[in-house]
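Reading through the structure tokens given below for one structure.
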Amino acid sequence: MKIFNLLSCVCLAGFSLNTMAADFSFDRPGAGMGTGITPVGQLAWEQGLPSASYNESTVDGEKQKTVTLNGDMLFRTGLAKDLELQLGWQGPAWTQVKRAGQTVEEDGLGDVSIGLKKAIDLDDDKLTMAILAEAIIATGNDGFSNHDDIYSLSSAVAYELSDLISTSITMRYEAQNSDWAVSAVPTIEYKIADKWSGFSELVYRKAESQDYEYALGSGVIYALNDRVQMDASIGVDLNGPDKSYQSGLGVSFLF
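According to mature numbering (1 follows the signal peptide of the UniProt record, and there is no 0), the residues represented by the sequence shown are -21 to -1, 1 to 234, in order.
In structure tokens, the structure reads:
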């Protein structure tokens, strides 16, 4: 629950092969950020159904298993042709911890976020870019919050290799109190069939005074029509002795 929990409010920062419009794509799923901008006067609603994580670790010599579910959501609306406003919420959450024969369950509400995303015109038909300035406000309940506000600046560059394959990389720089962290998410996206597409990504993160963190993620996307898509994804952390996995189901609408 290390990398993806920190990035989950962005859902936050994902992509899609859905070509419903030349300048728009949903940001679900994945840890990366898309370069598409929501059209002016329209609203994109991206909803987790839910997102889940599982962590298995050892605490005081005892094996501890933690399961977390949360209904994360992101709202996006266009302010100008190349600018959009994002409002996010980690949503209602539930966690179960099992250790030494005891089970503890808790529920609560997660943090909220606000961001501005701007497309950068590179004057290239195949190369696109966007930047996102975001603040994650620690308004959630204990156990479901980052406890301190996080301010970040992200950039994404995507290149369409062909009608079937495209690549992208997202860079994220964040500050929490006086601590800094940087994340990189290279991604490959591919068309599978008529309405099906998929992605695979590597998540790298280095926080101040912390070890390097790595994770792999993959998923599929089904575009019902030009305004609705569904997604499913899985991920695994590769660092440290703990076993940590993530999964998610989601649906996105454009109104």
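Beta carbons: idealized from backbone N, C-alpha and C, even for Gly.
DSSP links residue 155 through a beta bridge to 158. Separation of residue 84 and residue 36 (C-alpha to C-alpha, rounded to the nearest whole angstrom) is 17 Å.
Annotation: residue 73 to residue 90 spans about 14 Å, alpha carbon to alpha carbon. For residue 164, the number of other beta carbons within 10 angstroms of its own is at least 16, and it is reported as buried. Going by C-alpha positions, residue 128 is about 18 Å away from residue 185. Between residue 198 and residue 188, the gap from beta carbon to beta carbon reaches 8 Å or more. Taken in chain order, the complete beta strand (DSSP E) segments of 3 residues or longer contained in the segment 17 to 70 are 22 to 38, 41 to 49, 52 to 59 and 62 to 68.
Distance from the CA atom of residue 162 to the CA atom of residue 132, rounded to whole angstroms, is 11 Å. In this model, residue 99 and residue 107 are separated by some 7 Å (Cα to Cα). By the beta-carbon neighbour count (other beta carbons within 10 angstroms, threshold 16), residue 192 is buried. Note on residue 79: under 16 other CB atoms within 10 angstroms of its CB, so exposed under the neighbour-count rule.
The segment 38 to 45 makes no contact with the segment 54 to 66, as fewer than three CB pairs between them are under 8 Å. Apart from sequence neighbours up to five positions away, the residues of its chain that approach residue 44 with a beta-carbon distance below 6 Å are 35 and 77, ordered along the chain. Note that the C-beta distance between residue 114 and residue 130 is below 8 Å.
Taken atom to atom, the span from the alpha-carbon of residue 33 to that of residue 155 is near 25 Å. The beta carbons of residue 11 and residue 4 sit no closer together than 8 Å.
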